[in-house]
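First up is the structure itself, then whatever we jot down about it.
Number of protein chains: 2
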Amino acid sequence: MLTDRQLLILKVIVDEFVDTAQPIGSRNIAKKDQVGFSPATIRNEMADLEELGFLQKTHSSSGRMPSEKGYRFYVDHLMDPLKLTKDEIMRINKYFSHKMIELERVMENSANILSELTQYMTLVLGPEIFETKLKQVQIVPLTQHSAIAILVTDTGHVEHRSFVIPQGLDRSDLEKTVNILNEKLVGIPLVYLDRMIKKEVRGLIEKYTSDFSKAYQLLEEALLIDLPTNLYVSGKGNMLNQPEFNDIEKIKILFSMMESEEQIAPILKSKEEGTHIFIGRENKIEALNDLSLITSTYTIGEDQVGTIALLGPTRMDYAKAVAMLQLWSKQMSQSLKSWYDKN
Amino acid sequence: MLTDRQLLILKVIVDEFVDTAQPIGSRNIAKKDQVGFSPATIRNEMADLEELGFLQKTHSSSGRMPSEKGYRFYVDHLMDPLKLTKDEIMRINKYFSHKMIELERVMENSANILSELTQYMTLVLGPEIFETKLKQVQIVPLTQHSAIAILVTDTGHVEHRSFVIPQGLDRSDLEKTVNILNEKLVGIPLVYLDRMIKKEVRGLIEKYTSDFSKAYQLLEEALLIDLPTNLYVSGKGNMLNQPEFNDIEKIKILFSMMESEEQIAPILKSKEEGTHIFIGRENKIEALNDLSLITSTYTIGEDQVGTIALLGPTRMDYAKAVAMLQLWSKQMSQSLKSWYDKN
DNA sequence: CATTAGCACTCGAACAAAAAGAGTGCTAAC
DNA sequence: GTTAGCACTCTTTTTGTTCGAGTGCTAATG
Numbered sequence: 635m636l637t638d639r640q641l642l643i644l645k646v647i648v649d650e651f652v653d654t655a656q657p658i659g660s661r662n663i664a665k666k667d668q669v670g671f672s673p674a675t676i677r678n679e680m681a682d683l684e685e686l687g688f689l690q691k692t693h694s695s696s697g698r699m700p701s702e703k704g705y706r707f708y709v710d711h712l713m714d715p716l717k718l719t720k721d722e723i724m725r726i727n728k729y730f731s732h733k734m735i736e737l738e739r740v741m742e743n744s745a746n747i748l749s750e751l752t753q754y755m756t757l758v759l760g761p762e763i764f765e766t767k768l769k770q771v772q773i774v775p776l777t778q779h780s781a782i783a784i785l786v787t788d789t790g791h792v793e794h795r796s797f798v799i800p801q802g803l804d805r806s807d808l809e810k811t812v813n814i815l816n817e818k819l820v821g822i823p824l825v826y827l828d829r830m831i832k833k834e835v836r837g838l839i840e841k842y843t844s845d846f847s848k849a850y851q852l853l854e855e856a857l858l859i860d861l862p863t864n865l866y867v868s869g870k871g872n873m874l875n876q877p878e879f880n881d882i883e884k885i886k887i888l889f890s891m892m893e894s895e896e897q898i899a900p901i902l903k904s905k906e907e908g909t910h911i912f913i914g915r916e917n918k919i920e921a922l923n924d925l926s927l928i929t930s931t932y933t934i935g936e937d938q939v940g941t942i943a944l945l946g947p948t949r950m951d952y953a954k955a956v957a958m959l960q961l962w963s964k965q966m967s968q969s970l971k972s973w974y975d976k977n
Numbered sequence: 635m636l637t638d639r640q641l642l643i644l645k646v647i648v649d650e651f652v653d654t655a656q657p658i659g660s661r662n663i664a665k666k667d668q669v670g671f672s673p674a675t676i677r678n679e680m681a682d683l684e685e686l687g688f689l690q691k692t693h694s695s696s697g698r699m700p701s702e703k704g705y706r707f708y709v710d711h712l713m714d715p716l717k718l719t720k721d722e723i724m725r726i727n728k729y730f731s732h733k734m735i736e737l738e739r740v741m742e743n744s745a746n747i748l749s750e751l752t753q754y755m756t757l758v759l760g761p762e763i764f765e766t767k768l769k770q771v772q773i774v775p776l777t778q779h780s781a782i783a784i785l786v787t788d789t790g791h792v793e794h795r796s797f798v799i800p801q802g803l804d805r806s807d808l809e810k811t812v813n814i815l816n817e818k819l820v821g822i823p824l825v826y827l828d829r830m831i832k833k834e835v836r837g838l839i840e841k842y843t844s845d846f847s848k849a850y851q852l853l854e855e856a857l858l859i860d861l862p863t864n865l866y867v868s869g870k871g872n873m874l875n876q877p878e879f880n881d882i883e884k885i886k887i888l889f890s891m892m893e894s895e896e897q898i899a900p901i902l903k904s905k906e907e908g909t910h911i912f913i914g915r916e917n918k919i920e921a922l923n924d925l926s927l928i929t930s931t932y933t934i935g936e937d938q939v940g941t942i943a944l945l946g947p948t949r950m951d952y953a954k955a956v957a958m959l960q961l962w963s964k965q966m967s968q969s970l971k972s973w974y975d976k977n
């Protein structure tokens, strides 16, 4: 068990290191007026804390910095729950005071605002798309030979894809097809679209259109679209300002990772409810082993629907990051609930 | 006037420096088998070339590298018109062999492919939007109180915006409004939309709908949308591999510039027809003063409609970059022409 | 007389040694 | 139990040295 003095010293070291990114020496700690002991005393305590694994040195005669275990203890027991500034609270609240219509824009803007406020990277995983249902299908002819299919979902997502109208496919066949689609597919969750098309729609098209194979081929081409992106990343540039990214190689690795959704999505998926902190090697993904990730889930009523996360150096301002995420999640959940209740 | 020998030496230096990024010494030049003179002779010639401003040294006893004037002379008079590899030609041609429908995707993919092939940054400025015309307006109700307006242009661009349905606005008013819009606005170039709405549509709405001010307010909110983005940037990450970007500060400056369209668009706008090279300080924009920009315009028939550009270090492979851009522009112009002819 | 060999010279890069500075750990005194 | 004092450690900065790549100039050469 740590003594009060050890706790105080550990806390001061973490706070200071988060601020300066420099190892902290005993003299500097002694200068703080919360601390009433001499440097020598502090040195003794620091030696003990190091032995216990909470601190580490960069070399044998350097000051101390927190180890991962030190950060972990800090966030679990020492961290002051940070009061956000009025300005920060206003920024977030103001953002949610607008009517929320299109989920996508909400996600995208959220990522941008949180990046700006925290100076870390923000990752937002939108609501799982199996929730979202088809609202309407439209086909707009562009030229003699091409048209655009537009799908609107109940979350306000608009997906569109252009396609070539198969030679010889009748205009009326096209219209009939669209009618069938709207009749049969509206209200169906997007993930079931392909199944429904194969099962229900196929037969009807065969029955009602003059050139079945053409019409069906068109469908496959135009409607079996990729499910909408629901991952938003913002604030990559912020990382360039963090001293731990002085190294071009590190930047390259991080940036190239952040270019592929396949690599980011697993980081956020299936996080447990609430706010969680993953420090350094607590992250399963190797590329994040010297970063920290803070995740926070948001909900609709009881259902957890998405995750928002901040990614920064292990030396990050955990208190602030947590406070921001929690405020954001709370507001987001509220807004989502009232939005869904209206529907 | 330069002698043949000077021309040869200048060319060798540029070619070699583009390849290695290291200043070139007389011994290295002498080793090339196109060169039949001793290092001493070459040193004399180099001294002359430096005096004439084509070469420069990094320090008094270093090898030489091309000055901006040297590059300029090189691209104007010395550069071999590079034969692209079969593979490169195939990649580009194959890309254009598909049917082209949605202009936006074409632009975006073009940027990606050219970045990958050249390892520089690609900037694409899409066709000027004053060309694009409204094809159809649709409004899809989402909930009791919200709906999505969807605009489709003749270039296959889909723009959408969600809005809150003003309290008390009749459903039939909404439908009437949409009908009026489609009647009056289809075929109108996007840039004239706001003018047309104010002039033609305003009166009609007043006449036919029961609550004029609400319907009109809605219009302003939902239809006076930003003109579609027509700027695509790709390959930022490539710059991290260029030795001239070893410096984090430089990366920060470039990246932050590339985040704002307002800063990039002027670089590409109103470039003269054809392919043009801007070396270092020939670029008006200060942030590009140690980079080179190669622009190439593409056309529909006689009309110049857009610009594509490659951005890289002044030490870039001009021959290859020019060849790529020209092939791309040619193909793009052809495709656009046949696309427009069909419409 | 254009070319080239030869050589002194310059400068940066790489390395080593020295000095400065920050910080520790231990001992002995308070 | 706390702290002053001091020797010690290790990094960073500075200074000096050497090495090598390359130049410019001069004088010799074909």
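Protein chains in written order, with the numbering used here: chain E, 635 to 977; chain G, 635 to 977.
Glycine included, each C-beta is placed from N, C-alpha and C at the ideal position.
From the DSSP output, in three-state form, read off residue i for me.
i	result
G:V740	helix
G:H711	helix
G:A943	strand
G:I839	helix
G:L689	strand
G:K769	strand
E:E907	coil
E:A674	helix
E:L925	strand
E:A955	helix
G:L718	coil
G:P800	coil
Using a Cβ cut-off of 9 Å (strictly closer), state whether residue i contacts chain G.
i	result
E:H693	no
E:S701	no
E:H910	no
E:R805	no
E:K848	no
E:V669	no
E:Q965	no
E:Q753	no
E:K767	no
E:V798	yes
E:E893	yes
E:S844	no
E:S972	no
E:Q801	no
Cβ of residue i within 9 Å of Cβ of residue j?
i	j	result
G:I784	G:V798	no
G:L686	G:T941	no
G:P622	G:G704	Outside the shown range of chain G (635 to 977) lies residue 622 of chain G, about which nothing can therefore be said.
E:G790	G:F889	no
G:I735	E:S780	yes
E:Y866	E:E765	no
G:M755	G:L902	no
E:N662	E:P761	no
E:L824	E:K886	no
E:L980	E:A957	One cannot answer for residue 980 of chain E here, as it falls past the ends of chain E, which runs 635 to 977.
E:F671	E:F688	no
E:A655	E:P877	yes
G:L808	E:V786	no
Which word fits residue i, buried or exposed, when buried means at least 16 other C-beta atoms lie within 10 angstroms of its C-beta?
i	result
G:R949	buried
E:M699	buried
G:P683	The question names Pro, but residue 683 of chain G is Leu in the sequence shown. Buried, because 16 or more other Cβ atoms sit within 10 Å of the Cβ of G:L683.
G:H794	buried
From the beta carbon of residue i, is the nearest beta carbon of chain E less than 9 Å away?
i	result
G:L827	no
G:Y815	The question names Tyr, yet the displayed sequence has Leu at residue 815 of chain G. No, because no Cβ of chain E sits closer than 9 Å to the Cβ of G:L815.
G:H711	no
G:E906	no
G:V758	no
Selection of the region 865 to 886 of chain G by Cβ proximity to chain E, strictly under 7 Å: The residues in question are G871, L874, N880, I882, I885 and K886.
Members of the region 774 to 792 of chain E near chain G, C-beta cut-off 8 Å: The residues in question are V774, L776, T777, Q778, H779, S780, I782, I784, V786, D788, G790 and V792.
The region 720 to 745 of chain G: positions lying closer than 7 Å to chain E by Cβ: When C-beta distances to chain E are compared with 7 Å, the residues of the region 720 to 745 of chain G below that value are K733, I735 and E736, in chain order.
Against chain E: residues of the region 928 to 954 of chain G by CB proximity under 7 Å: Result list empty, no residue passes.
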